[in-house]
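J.: Numbering (the numbering used here) for the sequence shown: 18 to 334.
Cβ atoms here follow ideal geometry from the backbone N, Cα and C, with glycine treated the same way.
For clarity, every value in this text was computed on a predicted model and none was experimentally measured.
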Amino acid sequence: MLTGLTLCCALLLGVLLDCLLGETRRWHPLIGFGKLASLIERWLNHANVSRYKGGLAWAVCVLPIVLLVQAILYAAAYTSLWLAPLLHAALLYVCLGLRSLREHNLPIQQALDAGDLEQARQLTGRIVSRDTAEADAAYLSKASVESVLENGCDAVFGTLFWFLLLGGAGAVLYRLSNTLDAMWGYRSPRFLRFGCVAARVDDVLNLIPARLTALSYALLGNTRLALHCWRTQTAAWPSPNAGPVMAAGAGALGVQLGGSARYDGQDEQRPPLGAGRSAAPSDILAAWHLVWHSTLLWLGIAVLLTLGLGQGGIFYA
Numbered sequence: 018m019l020t021g022l023t024l025c026c027a028l029l030l031g032v033l034l035d036c037l038l039g040e041t042r043r044w045h046p047l048i049g050f051g052k053l054a055s056l057i058e059r060w061l062n063h064a065n066v067s068r069y070k071g072g073l074a075w076a077v078c079v080l081p082i083v084l085l086v087q088a089i090l091y092a093a094a095y096t097s098l099w100l101a102p103l104l105h106a107a108l109l110y111v112c113l114g115l116r117s118l119r120e121h122n123l124p125i126q127q128a129l130d131a132g133d134l135e136q137a138r139q140l141t142g143r144i145v146s147r148d149t150a151e152a153d154a155a156y157l158s159k160a161s162v163e164s165v166l167e168n169g170c171d172a173v174f175g176t177l178f179w180f181l182l183l184g185g186a187g188a189v190l191y192r193l194s195n196t197l198d199a200m201w202g203y204r205s206p207r208f209l210r211f212g213c214v215a216a217r218v219d220d221v222l223n224l225i226p227a228r229l230t231a232l233s234y235a236l237l238g239n240t241r242l243a244l245h246c247w248r249t250q251t252a253a254w255p256s257p258n259a260g261p262v263m264a265a266g267a268g269a270l271g272v273q274l275g276g277s278a279r280y281d282g283q284d285e286q287r288p289p290l291g292a293g294r295s296a297a298p299s300d301i302l303a304a305w306h307l308v309w310h311s312t313l314l315w316l317g318i319a320v321l322l323t324l325g326l327g328q329g330g331i332f333y334a
């Protein structure tokens, strides 16, 4: 059984490892998981596939890994005093994407500031699904800011939430589910039925983290505008969790997001997010600072709760 203090130390160590090391350049477990998921999808996803088969695919991909991780953590807890906490921290490090969020987006701002529009287009095209080949600086800035704000929840705060709730196995469960949603959760003919369960599970797992993320953004930015945008704009956004996160984030930064975006050569008009001026390259760094300061807020609250609750036991290895 982990104590609250031990869990908090594992949390801080996992975040520190991510800040110092970033994502591994080779043999990243999530990349291997993605390849496994692609194989299972090709095996089970065929014409007239049912949602039940999509649910089976989700279970085959996620549950054995999560159960194996939990079994290893339980075994480690009875083997050594420090082995289990170190494994929890290592699992959080693998699942967390804080530094990678910075590394993928700040070079876009640097390219825009240097006037290298072609480089900015290529870098942005690596992190978003929308077309960037003919995009201008404002379009690229908006795309990057939206990516930072939304992935602040998906790659950082959702992972931290489920780690605090269920330890390393919770972080793994969340990140694997989030990865499957990113791969299968499209309303396209190929994935409409097959990816339905993956999308719904991700929605449920993000229900609380997304709103805590939105609240964090609001508290650390233009609070009144962020809360107003959250309250008035979320219902129009198709995603029940991305809406609050990006509306509050855009309001906190005082910029306008959403609107027109091009996908596969077709312009799509999306609901507005935020209010104020159009996004500029400098807002990419501002969005990253919002995520970083929110992370520090979460860590500070975790430490304070640990000190307040003392050495109470946690119900996982």
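1. Going by alpha carbons, who is nearest to Gly293 out of Ala93, Ala264 and Thr176?
2. Anyone know if the C-beta pair for Asn122 and Ala304 falls short of 9 Å?
3. In chain order, what residues of the same chain have a beta carbon less than 7 Å from the beta carbon of Val214, not counting five sequence neighbours either side?
4. Using a Cβ cut-off of 9 Å (strictly closer), state whether Gly185 contacts chain C.
5. Look up Arg147 in the DSSP assignment and say whether it is helix, strand or coil.
6. In three-state terms, what does DSSP make of Leu224?
7. Compute the distance between the beta-carbons of Leu134 and Leu316, then report whether it is under 9 Å.
8. Specify the secondary structure class of Arg42 as computed by DSSP and reduced to three states.
9. Helix, strand or coil for Ser295 per DSSP?
10. Which residues share a DSSP beta bridge with Glu285?
11. Residues in the same chain with beta-carbon distance under 6 Å from Phe332, minus the five sequence neighbours each way, listed in chain order, please.
12. In this structure, what does DSSP give as the bridge partners for Gln273?
13. When the Cα atoms are used, what is the spatial distance from Ala145 to Arg279?
14. Output the distance between the C-alpha atoms of Leu193 and Leu324, rounded to the nearest integer angstrom.
15. Below 9 Å between beta carbons: does that hold for Phe50 and Thr176?
16. Pairs of beta-carbons, one from the stretch 36 to 47 and one from the stretch 100 to 120, closer than 8 Å: are there three or more?
17. Under the assumption that Gln286 contacts Ser277 (Cβ atoms under 8 Å), give the Cβ distance between them as a whole number of angstroms.
18. Give me the Cβ distance between Thr23 and Pro102, rounded to the nearest whole Å; I'm assuming they're in contact under 8 Å.
19. Please give the ranges of any alpha helix (DSSP H) in the stretch 171 to 227, keeping only runs that are unbroken, at least 4 residues long and fully inside the region.
20. Compare the beta carbon distance of Gly169 and Val83 with 9 Å and say whether it is the shorter of the two.
21. Just to confirm, are Asn239 and Leu290 a CB contact at a threshold of 9 Å?
22. Measure the CB-CB distance between Thr251 and Pro261 and report whether it falls below 9 Å.
23. Would you identify the three-state DSSP class for Gly71, choosing helix, strand or coil?
24. Figure out for me which residue from Ala128, Phe180, Val79 and Gly275 has the closest Cα to the Cα of Cys26.
25. Could you pull out every unbroken alpha helix (DSSP H) segment of at least 4 residues lying fully inside the stretch 87 to 136, listed in chain order?
26. Which term fits Asn65, buried or exposed, when burial requires 16 or more other beta carbons within 10 angstroms of its beta carbon?
27. Buried or exposed: Tyr95, going by 16 or more other Cβ atoms within 10 Å of its Cβ?
28. Helix, strand or coil: how does DSSP classify Thr251 here?
29. Check whether the stretch 149 to 157 touches the stretch 124 to 138, taking contact to mean three or more Cβ pairs, one atom from each stretch, closer than 8 Å.
30. If you draw a straight line from the C-alpha of Leu227 to the C-alpha of Ile89, how long is it?
T.: Once the coordinates are examined:
1. Ala264
2. yes
3. Arg68, Gly71, Gly72 and Trp75
4. You won't find chain C in this structure, because it holds only one protein chain.
5. coil
6. helix
7. no
8. coil
9. strand
10. Ala278
11. Bear in mind that a pLDDT of 48 at Phe332, under 50, signals an unreliable position, so the number given afterwards is only what the model happens to contain. Around Phe332: no qualifying Cβ.
12. Gly291 and Ser295
13. The displayed chain sequence assigns Val, not Ala, to residue 145. When rounded, the distance between both Cα atoms is 11 Å.
14. 31 Å
15. no
16. yes
17. 6 Å
18. 5 Å
19. 175 to 201
20. no
21. no
22. yes
23. helix
24. Phe180
25. 100 to 112 and 115 to 130
26. exposed
27. exposed
28. helix
29. yes
30. Here residue 227 turns out to be Ala, not Leu, going by the sequence shown. Answer to the nearest angstrom: the Cα atoms are 29 Å apart.
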